[in-house]
Amino acid sequence: MTRIICLASGKGGVGKTVTTSNLSTALAQFGKRVVAIDGNLTTSNLGLHLGIPLYPVTLQDVLKKKARLKEATYYHPAGFRVVPADVSFEKLMLPKAHDLMDIFYRLTGDADFVLIDSAAGLGREVQAAVEAADEMITVTNPELPALTDAVKLNRLADKFGTQTLGVIINRVKNEPHEFKTEDVQDFLDIPLLGYVPEDRNVSKSIAKKEPLVTYRPHSRAAQQFKAIAAQLIGEEYKPRFTFGLASRLFGWLR
Ligand SMILES: Nc1ncnc2c1ncn2[C@@H]1O[C@H](COP(=O)(O)OP(=O)(O)OP(=O)(O)O)[C@@H](O)[C@H]1O
Ligand SMILES: [Mg+2]
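Here the sequence shown is numbered in my numbering, starting from 2 and rising by one per residue.
Next up, the structure:
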């Protein structure tokens, strides 16, 4: 069975693309067949996170029926497939839910997971991705503005009959003013899938155009992404953190 999951947030910049790229990598490492799709057709950047900024054929070409889905599907060295969106202003477009559903349907059977990196907000573009997906993961930061937007997003998922799997809290700094994980769960009233700490390796991995899970597999954030992926497939995985000198040594050896 193919699980079609949209990663969404009300507020922008909370870490949907980072999460999509790293969950795809982690699920692939657990042996799952994954297709990551850039469902953000206005401010697309999944392709940038994954290494090739200018793909010759993209999701826009498929939606406009100028190319076949196969032609817009690329194999990432981390072991999963990617359907990127074009980053140019000329190719900016708003997809329709049924066109996206048509694409997802074509992937059914050929993948265990289809992960859709959604745009931010609650506009038409996001609505199309949420409606077209079967399940949704809410990505948020532990701050009030992100959480209030996430509440609205969850209502949107209810409206479209898309199952909210739970929340991933990203960029956790463990500062006193932050919402604690239990508070986030109470606030949103959905299960906690996991949290990812603030980790400067994340921006380094983006600069290297590589998922963190392969770039710094022993980093705290990478370990959390692996734990979340394990939870999604019901596998046992205990994050193994390395500290100080040991973690630097891993970096040098690499
Ligand atoms: N766990 C983290 N630790 C440190 N920095 C992070 C972390 N997660 C994300 N970031 C930073 O936040 C930025 C935004 O992340 P990302 O692009 O994934 O957000 P987004 O929700 O997809 O944004 P948009 O709404 O614009 O699509 C990244 O460029 C990265 O620098
Ligand atoms: Mg994004």
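C-beta atoms are modelled at their ideal positions from N, C-alpha and C, and glycine is treated no differently.
Note that this is a predicted model, so its numbers are computed, not measured.
query                                                                                                                       : result
Sequence-distant residues of the same chain with beta carbon closer than 6 Å to Met-102, five excluded per side             : Ala-133
Segments assigned alpha helix (DSSP H), at least 4 residues, entirely inside the region 112 to 151                          : 125 to 133
C-alpha distance - Thr-139 paired with Lys-67, whole-angstrom precision                                                     : 32 Å
7 Å CB neighbourhood of Arg-255 in its chain, flanking five on each side removed                                            : With a pLDDT of only 47 at Arg-255, under the threshold of 50, the placement of this residue in the model should not be trusted, and no figure is reported.
Per-residue DSSP class, three states only, for Asp-159                                                                      : helix
Bridge partners - Val-197, DSSP secondary structure assignment                                                              : Asn-171
Coarse secondary structure for Gly-80, derived from DSSP in three states                                                    : coil
8 Å contact criterion, which Thr-74 and Val-84 should meet: CB distance rounded                                             : 5 Å
Distance between Pro-177 and Met-2 (C-alpha atoms, nearest Å)                                                               : 42 Å
Asn-41 beta carbon near ligand 2 (any heavy atom closer than 7 Å)                                                           : yes
Paired residues, beta bridge with Gly-110 - DSSP                                                                            : None, per the DSSP bridge assignment.
Check whether Ala-222 and Pro-198 have beta carbons under 8 Å apart                                                         : yes
Given His-50 as reference, the closest of Gln-232, Val-185 and Ser-204 once Cα atoms are compared                           : Ser-204
Touch test, the region 35 to 44 against the region 220 to 236, Cβ-Cβ under 8 Å, three pairs minimum                         : no
Residue closest to Ile-104, alpha-carbon to alpha-carbon, out of Asp-62, Leu-166, Arg-125 and Pro-57                        : Asp-62
Nearest candidate by alpha-carbon position, reference Arg-201, set Asp-187, Val-185 and Lys-174                             : Lys-174
Beta-carbon proximity of Gly-80 to Ala-129, cut-off 8 Å                                                                     : no
N-terminal and C-terminal residue of the alpha helix (DSSP H) that Ala-222 is part of                                       : 221 to 233
Residue of Glu-236, Gly-235, Tyr-216 and Tyr-238 minimising C-alpha distance to Ser-22                                      : Tyr-216
Chain-order list of residues whose beta-carbon lies under 6 Å from that of Arg-4 (same chain, five-residue window excluded) : Phe-114
Separation of Thr-20 from Ser-10, as counted between CA atoms                                                               : 11 Å
Reference Gly-124; option with closest CA among Leu-47, Leu-108, Asp-111 and Asp-150                                        : Asp-150
Beta-carbon proximity list for Lys-12, same chain, < 7 Å, skipping 5 on both sides                                          : Ala-121, Pro-146, Ala-147 and Asp-150
Which of helix, strand or coil DSSP assigns to Thr-1                                                                        : The structure shown does not extend to residue 1, since the chain is modelled only from 2 through 255, so no value can be given for it.
Heavy atom of ligand 3 within 7 Å of Arg-172 beta-carbon                                                                    : Annotation note on ligand 3: not contained in the displayed structure, which lists ligand 1 and ligand 2 as its ligands.
Neighbour-count burial assignment, Gly-16, 16 or more Cβ in a 10 Å radius                                                   : buried
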